[in-house]
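My numbering numbers the first residue of the sequence shown as 17 and each following residue consecutively. Heads up, the beta-carbon is just placed ideally off N, CA and C, and yes, glycines get one too. Quick caveat, the model's predicted, so the values are computed rather than measured.
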Amino acid sequence: MYILINGEDTFRSRAHLQKMIASFKEKRDPQGLNVSILDCAKAKPEDIWEQLGTVPFLAEKRMVVLKELLGRKDDELLDALREKLEAGAFAETAVIVFFETTSEFKKNKLFDFLKKQPYSTAFPLMKEFEREVWVKRAIQARNGSITTGAARTLAAAVEETWQLEQVVEQACALAGAEEIQRAHVEPFVEPPLDDNIFNFTDALAAGNTRRALELLRDQRRADANEFYLLTMITRQFRILMQIHDRASGDAQGDIAKELGVHPYVIQKSLPLAKRYSFAQLKTIYDNLFKIETLLKTTATPADALLDQFVVTSTQ
């Protein structure tokens, strides 16, 4: 049996590999005498052949895990191994697992052969909606629960699964026995690059009251915390003020580095900044500060204050 496990999402791929090793030991090798793991990026060709040719010890089969073999600049080795595997070599005595941290290998015939094998599995980085599902399942596996809004916040802000796992652990610890809310997630993540904030700002600049209110309500239906919304909106207008007088030829990457924000934010914000005067931006920013003060010092509902802000800003 030949199996390829590959992809940039090494958290999931390593978990899958460990599960396979554990299953093999449980069913075929309880003493752990027939599992071999070889780092092929450093190994000599003779070491690889030796591992593949070794007979099982008091068992029907061995499991041989070959890590990072396909990226070797050794066409002779790869072609020879492919020819042997296509002929069924080692299949009677070994389960051979090829573990790679890359999704694709161009013009690599061994890779093309292995990815067609029945138990081969690819683990590319997850898309945002897949991360949201993953987060919910990870929380459930810990006997916890999370709101859809909190799961979406986490999925939008964190792309790498190792970090996602860490934030899940932190949020669970902070929430304790409670259901995880946005407030339990936000301390551990950077604000997501949410296109809705840019669309909201654009609607304000266009004087489109109805559209701006709809976008706010969409966020509320997604369980967005009002303080979180206010923070994101205030942050956006602060960035618009900071870049308002920038020359159009300034490199976006340089501006992003200077302000400490993602280049995508600058790319989306530059056209918006041109739609306001600096005085308008200053007035809006001051109004947002007043709203924050009211939220902290009075019992005025946050949604009413934000809706009023929209109406005032689009008149």
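Within 8 Å, strictly: CB atoms of residue i and residue j
i	j	result
isoleucine 259	serine 285	yes
isoleucine 19	serine 136	yes
leucine 93	proline 61	yes
alanine 243	leucine 304	Per the sequence shown, the amino acid found at residue 243 is phenylalanine instead of alanine. No; because the gap between Cβ atoms is not below 8 Å, this pair is not in contact.
alanine 228	threonine 330	yes
leucine 33	phenylalanine 115	yes
isoleucine 162	valine 174	no
glutamate 195	alanine 171	no
valine 80	serine 52	yes
threonine 169	valine 149	no
leucine 232	leucine 322	yes
isoleucine 249	phenylalanine 214	no
Proximal residues to residue i (C-beta, below 8 Å), its chain only, five neighbours per side dropped
i	result
aspartate 234	Asn212
aspartate 90	Pro61
Reference residue i, options the options, closest by Cα
i	options	result
methionine 17	Thr109, Leu82, Ala59	Thr109
threonine 117	Leu229, Gly23, Arg226, Leu220	Gly23
glutamine 179	Phe204, Glu195, Thr164, Ile196	Phe204
phenylalanine 325	Glu274, Arg78, Ala219, Thr164	Ala219
glutamate 84	Arg30, Leu232, His200	Arg30
alanine 166	Val184, Val149, Gln197	Gln197
lysine 132	Lys43, Leu190, Glu102	Glu102
Sequence-distant residues of its chain with Cβ nearer than 6 Å to residue i (five each side left out)
i	result
glutamine 156	none
alanine 318	Glu242, Leu311
Extent of the continuous beta strand (DSSP E) run through residue i
i	result
lysine 290	First-last for lysine 290: undefined, no H or E at that position.
aspartate 55	51–55
valine 80	78–83
isoleucine 19	18–22
valine 174	Note, valine 174: premise wrong, no beta strand (DSSP E); not H, not E.
valine 111	110–116
Sequence-distant residues of its chain with Cβ nearer than 7 Å to residue i (five each side left out)
i	result
arginine 28	Phe139, Thr177
leucine 297	Phe253, Leu256, Met257, His260
arginine 291	Ala221
Supposed close pair residue i, residue j - CB separation, criterion 8 Å
i	j	result
leucine 126	arginine 98	4 Å
leucine 68	isoleucine 37	Wrong, their Cβ atoms sit about 17 Å apart, outside the cutoff.
Residue range of the alpha helix (DSSP H) that includes residue i
i	result
serine 329	318–329
arginine 262	Segment: none, arginine 262 is in no alpha helix (DSSP H) and carries neither H nor E.
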